[in-house]
Each structure stands twice: as structure tokens, then as C-alpha cells.
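Colleague: Numbering (the numbering used here), first residue to last: 105 to 247. Every residue, glycine too, gets a C-beta built ideally from N, C-alpha and C. First the structure, which I've put down as C-alpha cells, then a few questions once you've had a look.
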Amino acid sequence: MGLDMGSCTIGIAISDELGMTAQGLKTIRRKLMEEDLKEITMVIDQYKIEKIVVGLPKNMDGTLGKQAEMVFQWIKASKEKIRLPIVTWDERLSTVGASKILLEADLSRKKRKKVIDKLAAVLILQGYLDQIWNRNHGPLLPA
């Protein structure tokens, strides 16, 4: 499962059973931590999630800022409710990439706003899955 943690929303993506492709699942509007975790654990149970990849917002120079600290606090607080491995993934350009994809798809601003966090979660998870695949199998070569 991939998570894009925003201050108002959490984008959620899941992988296929082979762990090769990421698909956007939903965006949840953040409420209280307990309610957010309840919704996330429902997804974990429903899709039999084995690992969580959380986007880590780094500054462009690689340093960690206020948003990254918020992500670390969320991970620490969630470990009591979620008993799965949680890893972070550099998400520096995930929201920018998601915006570019949605602009190229010519979606209205209103429609982009509804799906951008979910698409950012897809990009986070896909980046992680690609790294794991390349580490285990080598890069995919064009036919």
C-alpha cells in the first residue's frame, strides 16, 4: 500500500498481487488520527496488505522539513494500531508528477483536486515497486 500524506487528505494506492503495478484506490479526508487509522486498517484488511510505503516529503536539496517530521510522527503513532512494516519513499516530485499527468489529461481543476493525492500515492508506490523489481530482477529492457 502506498500513502501520500497531506495535511488535509491521504492518498491511497495498492499494488497488484504480483507487486508490479500500483493502482489508485481512494483519497480520504483527514479527520482525527484514530478515524484515519480506522479507515486505513479497513483497507489493509480488505486487500490483505503486507507493507506500507509512505511518501517522505524531502526538500529539493534532500534535507527534511516540517512536512517530513509530520510523516515521521504519523508513522510512530500508527505503529501501535498497524502491525505491518512501514517504509518511507522519497516523494519529492510525486505531486508535481501527478499534476503534470493530470494537466496532460486535460482534467479540470476541480477534477484534478479530487484525484491528485491518489495519483501521487500511485507514483510513490510505483517508484518503490520498480526499485524492488530492479533490485531482484534487473531493469526491464524494451523488446
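Closest by CA to serine 111, which one among Gln230, Arg239, Ala172 and Asp234?
Modeller: Comparing Cα-Cα distances from serine 111 to each of Gln230, Arg239, Ala172 and Asp234, the minimum goes to Ala172.
Colleague: Determine the burial state of glycine 242: buried for a count of at least 16 other Cβ atoms within 10 Å of its Cβ, exposed for fewer.
Modeller: Result: exposed.
Colleague: List the DSSP bridge partners of aspartate 194.
Modeller: Aspartate 194 is bridged to Leu160.
Colleague: Taking the CB atoms as reference points, tell me whether leucine 136 and alanine 117 lie closer together than 9 Å.
Modeller: The answer is no: Cβ separation not under 9 Å.
Colleague: Starting from the Cα of tryptophan 250, find the closest Cα among Met109, Leu107 and Ser119 and give me that residue.
Modeller: A question about residue 250 goes unanswered here, because the residues of the chain that appear run from 105 up to 247.
Colleague: From Leu229, Trp178, Leu188 and Arg196, pick the residue whose C-alpha is nearest to that of aspartate 149; which is it?
Modeller: Answer by Cα proximity: Leu188.
Colleague: With DSSP as the reference, please indicate the residues paired to alanine 117 in a beta bridge.
Modeller: Gly106 and Gly128.
Colleague: Please state whether DSSP places arginine 134 in a helix, a strand or coil.
Modeller: Three-state DSSP puts arginine 134 in coil, outside helix and strand.
Colleague: Could you tell me the boundaries of the alpha helix (DSSP H) in which serine 282 lies?
Modeller: Residue 282 is absent from the structure shown; the chain starts at 105 and stops at 247.
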